[in-house]
Amino acid sequence: MEAEQKHVTGLYDRLDGMRALAEQRLSGSLEATGGTPQARSQRESAVAMYTEQLAQLSAVESGLCFGRLDPEEGAPLYIGRIGIFDEEGDYEPLLLDWRAPASRPFYLATAADPLGIRRRRHIRSKGRTVVALDDEVLDLSAAAGSGTREGLAGEAALLSAVDASRTGRMRDIVETIQAEQDRIIRADLGGVLVVQGGPGTGKTAVALHRAAYLLYTHRRELSSRAVLVVGPNPTFLRYISHVLPSLAETGVLLWTLGDLFPGVTARGQEPERVAEIKGRAVLVDVLAAAIADRQELPTEPITVEVDQETLTIDSALVSAARDRARRSGRPHNQAREVFETAVVEGLVAQMAELIGTDPYADDPLGEGDAPGDPMLMGAADLADIRAEFENDQGVRAALDALWPPLTPQRLLRELFSTPGRLAAARVAADGTELLTLAETAALSRPANAPWTPADAPLLDEAAEQLGDLPDAQDAAQRYADRVRRSELAYAEGALEIARGSASIDVEDEDDPELLLITDLLDASRLAERQEEALRLSAAERAARDRRWAFGHVIVDEAQELSPMAWRVLMRRSPNRSMTVVGDIAQTGDPAGAASWSEVFEPYVAQRWKLAELSVNYRTPSEVMSLAGEVLARIDPDAKPPQSVRSTGRPPVRGRLAELGGVLAAEAAALGDGRLAVIAPAARLDALADEVRAALPELAVAVGDEPDLESPVAVLTARQSKGLEFDAVVVADPDAIETESPRGLNDLYVALTRATQRLTVLR
Numbered sequence: 001m002e003a004e005q006k007h008v009t010g011l012y013d014r015l016d017g018m019r020a021l022a023e024q025r026l027s028g029s030l031e032a033t034g035g036t037p038q039a040r041s042q043r044e045s046a047v048a049m050y051t052e053q054l055a056q057l058s059a060v061e062s063g064l065c066f067g068r069l070d071p072e073e074g075a076p077l078y079i080g081r082i083g084i085f086d087e088e089g090d091y092e093p094l095l096l097d098w099r100a101p102a103s104r105p106f107y108l109a110t111a112a113d114p115l116g117i118r119r120r121r122h123i124r125s126k127g128r129t130v131v132a133l134d135d136e137v138l139d140l141s142a143a144a145g146s147g148t149r150e151g152l153a154g155e156a157a158l159l160s161a162v163d164a165s166r167t168g169r170m171r172d173i174v175e176t177i178q179a180e181q182d183r184i185i186r187a188d189l190g191g192v193l194v195v196q197g198g199p200g201t202g203k204t205a206v207a208l209h210r211a212a213y214l215l216y217t218h219r220r221e222l223s224s225r226a227v228l229v230v231g232p233n234p235t236f237l238r239y240i241s242h243v244l245p246s247l248a249e250t251g252v253l254l255w256t257l258g259d260l261f262p263g264v265t266a267r268g269q270e271p272e273r274v275a276e277i278k279g280r281a282v283l284v285d286v287l288a289a290a291i292a293d294r295q296e297l298p299t300e301p302i303t304v305e306v307d308q309e310t311l312t313i314d315s316a317l318v319s320a321a322r323d324r325a326r327r328s329g330r331p332h333n334q335a336r337e338v339f340e341t342a343v344v345e346g347l348v349a350q351m352a353e354l355i356g357t358d359p360y361a362d363d364p365l366g367e368g369d370a371p372g373d374p375m376l377m378g379a380a381d382l383a384d385i386r387a388e389f390e391n392d393q394g395v396r397a398a399l400d401a402l403w404p405p406l407t408p409q410r411l412l413r414e415l416f417s418t419p420g421r422l423a424a425a426r427v428a429a430d431g432t433e434l435l436t437l438a439e440t441a442a443l444s445r446p447a448n449a450p451w452t453p454a455d456a457p458l459l460d461e462a463a464e465q466l467g468d469l470p471d472a473q474d475a476a477q478r479y480a481d482r483v484r485r486s487e488l489a490y491a492e493g494a495l496e497i498a499r500g501s502a503s504i505d506v507e508d509e510d511d512p513e514l515l516l517i518t519d520l521l522d523a524s525r526l527a528e529r530q531e532e533a534l535r536l537s538a539a540e541r542a543a544r545d546r547r548w549a550f551g552h553v554i555v556d557e558a559q560e561l562s563p564m565a566w567r568v569l570m571r572r573s574p575n576r577s578m579t580v581v582g583d584i585a586q587t588g589d590p591a592g593a594a595s596w597s598e599v600f601e602p603y604v605a606q607r608w609k610l611a612e613l614s615v616n617y618r619t620p621s622e623v624m625s626l627a628g629e630v631l632a633r634i635d636p637d638a639k640p641p642q643s644v645r646s647t648g649r650p651p652v653r654g655r656l657a658e659l660g661g662v663l664a665a666e667a668a669a670l671g672d673g674r675l676a677v678i679a680p681a682a683r684l685d686a687l688a689d690e691v692r693a694a695l696p697e698l699a700v701a702v703g704d705e706p707d708l709e710s711p712v713a714v715l716t717a718r719q720s721k722g723l724e725f726d727a728v729v730v731a732d733p734d735a736i737e738t739e740s741p742r743g744l745n746d747l748y749v750a751l752t753r754a755t756q757r758l759t760v761l762r
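Per full-length UniProt numbering, the very first residue in the sequence shown carries number 1; after that it's consecutive.
What follows is the structure, encoded as structure tokens:
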């Protein structure tokens, strides 16, 4: 213990030195001023780099060093969260990053295959103090009869981690990664890797550690393109948000489905049936029909007055222009330019016909009875008339009505709030019925209704089909020009103040040799010196750009995603580099997946890899025995993951009327752990009131985004996905089962959230 404490203390001294150096360099970069544009750019890059470096060095403070390998030959190797080297010597490693190839035996070595390692030591710390050591001698004769489970590396450290009280935040598993998890974490970057695993197998932790590993091994590629992690809801993202920083990775983007469309945060609620309809692949055709419906023909001819002449935009003219625009193959907003050109050309032809021909012109054909030149106006005249039409308010109003410029938000708001437009969109151009009348009616909602997570994929799909508005770039430039004019005006004011308040303490105030600030600097140059280039990380730029192609995409609870959601993610990952983790048996969303083949066949055919996690590290065997009964009803052929631990306490069964007494007993045994009451959505609020009444001294989290750091949380089964608690009370399991079409899957989720104690109240 003393020897290990000495080494760990030395590592923390090194960490403090690295942090102090980064702080010093950051301070120096912040204090630097002026210089050339290149110098300012370099300063901003340095500030960003040292800021990120400081965040990483601070994040690895807890558990900096957690392992040691004693090879059969050579000096010991220490394993930790980052790499630290002896910069004063031969740059020998004082601490190996857990992702380095040399660290891998820490996770893979067994007594049967020691990989050249004589002993593996787990070092447990509290703060900077070593509190425990767990040694494994990787020798068959020494290990025989030791009671160590076959294939379970670091059993003492692992069981200590899973037995520890929950905190409302997911812990990393960097100290206790098992062999089957390590193989997935270190799998190749390319292609789609599907990780199927039941409750407690560590799917989420494996996915997050894989993100950290890929960023370590493919830093140059992924740092510029970013990694996206998609989770089921904001509560889940807060739950896992500390894991990657603790692994020294801070540049990963964490999103829910409702964050996928930039500029919109979709958190609204809607019935499951409505979300399921919106998630169907047929909505691609519904949106296409809705856009086509906005490309209208006039029911009555539209008249416009130009230069005291009355012109007509009739159905024939518009129909021909619309056909021409659609044949261009461009998205709606880009095809609008073709439509406008065709309509204006028709109006120009009308104007030319009204003005007529020149009866006094020579007969160009020599036929004697010809009226003369068939066109009185030349090309220049026609161009002037065309420009006049293009800027005429009446003509533009007619064009906007017949082929309006549309944003995705406007299209969907007006579609869902207008019964006539919904009715038109339910039928494709060839007459195919896309939605039933009842399904169409279910989509109807007020125009001011909040966006829901199921809307985000529709907004993205609409953006694809609509295309950008032609003046979007112009609007950005106009905004930049306004900012520039504002900065220039501010600089002019600053110089005027400086000029007026100059204090000249000389005998001759008219001395031409005396220089003022206005002699050295004009307003334009002063404004330019104050400009700050916007230096964003790849993740920050990706969050603003709908077309961003991520280097790698990780999807957790992937079985819950709808076909429309998968379309969005595939657009975000054109290289199809993805890690997808989930459990088909836990699919609760009616729009979710029934099989992985169903999800990936349209995109990569059979070119995806499946990896399975078979060991349950979290859920005690007694709890899994009960949950297994539900799993057998979901899929008789499915096998629950094998639990590695037993608590000796079978689940308690009782009546819901006993809730108060059960909660009091659980609170007394809870300590600093976490308790969850999982209930049907329809009874959530009422049961939350009962929980508050029974536990008035404890904070109770409830609502759309509950605070999991509270000692007690009242959740639906859907909200509890991916989470874990020391004790769980499942209230009214029958109602959970009957509440949705996949209620059995929800019940299976609810029963497998406990790490210690489970109570089921019918």
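Note that the Cβ used here is the ideal one computed from N, Cα and C, for glycine as well.
Taking Gly-671 as reference, the option from Ile-634, Gln-756, Ala-290 with the minimal CA-CA separation is Gln-756. With contacts defined as CB atoms closer than 9 Å, Val-644 and Val-677 fail to qualify as a contacting pair.
Approximately 17 Å separates the beta-carbon atoms of Arg-119 and Val-130; this is outside 8 Å, ruling out the contact. Here Lys-203 is buried: its Cβ has 16 or more other Cβ atoms, across all protein chains shown, within 10 Å. Secondary structure of Asn-575 (DSSP, three-state): coil. Per DSSP, the continuous alpha helix (DSSP H) segment holding Lys-6 begins and ends at 2 to 31.
With contacts defined by Cβ atoms closer than 9 Å, Pro-408 and Leu-459 form a contacting pair. Per the DSSP secondary-structure output, Ser-223 pairs with nothing in a beta bridge.
Shown here, Tyr-617 sits in coil according to DSSP, grouped into three states, outside any helix or strand. The C-alpha of Ala-456 is placed about 23 Å away from the C-alpha of Ala-681. Taking the C-beta atoms as reference points, Ile-313 is found nearer than 9 Å to Val-304.
The residue among Ala-179, Glu-2, Pro-245, Trp-608 with its C-alpha nearest the C-alpha of Glu-61 is Pro-245. When the beta-carbon positions are compared, Arg-166 and Gly-673 come within less than 9 Å of each other.
Leaving aside the five residues that flank Leu-695 on each side, the residues in its chain whose CB is nearer than 7 Å to its CB run, in chain order, Leu-663, Ala-667, Val-712.
When DSSP states are grouped into helix, strand and coil, Ala-713 belongs to the strand group.
Contact between Val-230 and Leu-723 does not hold, since their C-beta atoms are separated by about 17 Å, which reaches or exceeds 8 Å. Per the DSSP secondary-structure output, Phe-725 pairs in a beta bridge with Ala-754. In the displayed model, His-332 falls within a helix according to three-state DSSP. Fully enclosed beta strand (DSSP E) runs of no fewer than 3 residues occupy 302 to 306, 309 to 313 of the region 272 to 314, in order along the chain.
The residue among Lys-6, Leu-412, Pro-419, Pro-450 with its C-alpha nearest the C-alpha of Leu-466 is Leu-412.
Relative to the Cα of Gly-279, the nearest Cα in the group Ala-679, Arg-567, Gln-56 belongs to Arg-567. Around the C-beta of Arg-219, fewer than 16 other C-beta atoms lie within 10 Å, and the residue is accordingly described as exposed.
Pairing Lys-609 with Leu-193 gives a Cβ-Cβ distance under 9 Å.
Lys-6 and Ser-29 have their C-alpha atoms spaced approximately 35 Å apart. Collapsing the DSSP output to three states places Gly-197 in a strand. For Ala-549, the three-state secondary structure derived from DSSP is coil. If you ignore the 5 residues before and after Ala-266, its C-beta comes within less than 6 Å of the C-beta of Gly-258, Trp-451, Thr-452, Pro-453, Asp-455, Ala-456, all in its own chain and listed in chain order. Distance from the CA atom of Trp-255 to the CA atom of Ile-554, rounded to whole angstroms, is 10 Å. Excluding the 5 residues flanking it on each side, Phe-339 has same chain C-beta neighbours closer than 7 Å at Ala-321, Arg-322, Ala-325, Trp-403, in chain order. Residue pairing by DSSP places Pro-93 opposite Phe-85 in a beta bridge.
Boundaries for Phe-261: no alpha helix (DSSP H) harbours it, and the DSSP string shows neither H nor E there. Rounded to whole angstroms, Gly-582 and Gln-196 show a C-alpha spacing of 5 Å. When secondary structure is reduced to three states using DSSP, Glu-705 falls in the coil class, being assigned neither helix nor strand. Around Leu-26, the same chain offers Tyr-50 as residues with beta carbons nearer than 6 Å, after the five sequence neighbours per side are excluded. In the pairwise beta carbon analysis, the region 389 to 405 is classified as touching the region 343 to 356: at least three pairs are separated by under 8 Å. Bounds of the alpha helix (DSSP H) holding His-209 are 203 to 217.
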